[in-house]
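Here the structure is laid out as structure tokens; the discussion comes afterwards.
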Amino acid sequence: MKVSKKITLFGLSLAGLALLAFPHSGQAFELKEEWVIKGDVWYQDGKILRFNNGNEVDIKVLDLPKTEKIEWTVSLNGQDQTVNFLGKEKDKSMVGTEGRYLNFYVPYGYRGDIKVEAKSGNEVKTWSTKVVDDVYNDSGKSGYYRIDESNDQHTYLDAKWDYKTKTYTATLPETFNGQKVFAWADDYEELKLEKPGVISHSYRGAGAFKILYPIVKAESWLKKNYSESWYYQKQGQLVKNAWVKDKGNWYFMNDKGVMFNQTWLYQGGNWYAFKSSGAMISADWLYDNGSWYYLKDSGSMATGWIKDSGSWYYLNNSGAMTTGWVKDGGQWYYLDSTGKMLHNTYTPDGYYVDASGAWK
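Numbering (mature numbering (1 follows the signal peptide of the UniProt record, and there is no 0)) for the sequence shown: -28 to -1, 1 to 332.
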């Protein structure tokens, strides 16, 4: 007689029963935001209400071991933006605090309801708030490319975000207030000029954006914001490694286009010096590091004998004015404490110098 065996739950192993009865539920944990730029965030009664786009966010995981896996999702207005927002888990926050964080970047132009979902096993936690252009002004606008106008007015260009290259692309106008634009100036680090047309730049990090202002003159001086650096442009191009003549004065621009001032330039075998205004010194004296120098009409530093206001002076090979005895062409000459050559008189040490200044 064949006996059939009936399998019931009691025939399952204890481990299998445990898996059926108690599927992995995950460990309880919490989420908390951390900020680098707190001025772009609005809180009320200790709760975050909104923050500005163009910012990076750190979402910290509390009370969950690093060994527990988390599935992250960042959504905006119900659409998954995790990849687009460069979501990535890190073990340090932007300010260097160790822990477990989801870091993501909300590009300019994105606004609405944002939600971060963290799933560990069956345990799911969410963090949500709003993304806006301006936390202080409901009608305020923002963007990566800001065009500065007169009277503290500015507008923003429509820009496209590309997460693969981490760049913003926009189109710079060819005219501004009815005037032709030769270039758009950007002076974030060193001043650069951008031609009208398509422009692409990588974002600089949390809260950063690119400020541009129009160049509507064929030639003009440009001053970098929050700096003493001056530049000169012609037809929308910075003058670099070249001389500029303006209102009768000569100026020199270095390899980055910055105007020389209060310094020396060696070029073509000659030395040139510049005033604090940047103008080249010519037909004049310069006192520098304890010595006097003379710059000729051409601006080049003089050496040897020069005649100024009826008096003779002697400048050594380094250009420094000499005092005391000097031997030149086999003759001895004496220069007083002001550098003037003595003639037809006796020197302080009792020697006679003739009309030519030579010691006899």
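All residues carry an ideal CB built from backbone N, CA and C; glycine is no exception.
A quick note: this is a predicted structure, and the numbers were derived from the prediction, not measured.
Identify, in the order they occur along the chain, each residue of the same chain with its Cβ nearer than 7 Å to the Cβ of Y318, setting aside the five sequence neighbours on each side. Y324
Flag this pair as yes or no: are the beta carbons of A142 and L129 separated by less than 8 Å? yes
Are V103 and V78 touching if we call contact CB-CB under 8 Å? yes
For E166, does the count of other Cβ atoms within 10 angstroms reach 16, so buried, or fall short, so exposed? buried
Going by DSSP, what residue range makes up the beta strand (DSSP E) through M313? No beta strand (DSSP E) contains M313, which DSSP labels as neither H nor E.
So, helix, strand or coil for F(-7), using DSSP? At F(-7) the pLDDT is 42, less than 50, meaning the model places this residue with poor confidence and gives no usable figure here.
For W257, which residues from the same chain have a beta carbon less than 6 Å from its beta carbon, with the 5 sequence-adjacent residues on both sides left out? W264 and Y266
Round the Cβ separation of K224 and L237 to the nearest angstrom and send it over; I've been treating them as touching at under 8 Å. In the sequence as displayed, the identity of residue 224 is Phe instead of Lys. Indeed they touch by this definition, with Cβ atoms about 6 Å apart.
Note down, one range per segment and in chain order, each beta strand (DSSP E) of at least 3 residues found wholly within the segment 138 to 207. 139 to 144, 155 to 158, 164 to 166, 169 to 174, 182 to 187, 191 to 195 and 202 to 206
Where does K10 sit, in a helix, a strand or coil, going by DSSP? helix
How far does the beta strand (DSSP E) with K87 in it extend, from its first residue to its last? G84 to S92
Taking the C-alpha atoms as reference points, what is the distance between N261 and T295? 16 Å
Taking DSSP as the reference, what is the three-state secondary structure of K299? strand
Cut-off 6 Å between Cβ atoms - residues of its own chain near E89, not counting five sequence neighbours on either side: T45 and T98
Just list the residues that DSSP pairs F246 with in beta bridges. M252
Once DSSP output is grouped into helix, strand and coil, what is the label at D106? coil
Tell me which same chain residues have a C-beta within less than 7 Å of the C-beta of L58, skipping the five on either side of it? F76, Y77 and Y135
Just curious, the beta strand (DSSP E) that S47 is in, first and last residue? E43 to L48
Output the distance between the C-alpha atoms of K132 and E95, rounded to the nearest integer angstrom. 36 Å
Excluding the 5 residues preceding and the 5 following K196 in the sequence, name in chain order all residues of the same chain whose CB lies nearer than 6 Å to its CB. D159 and L163
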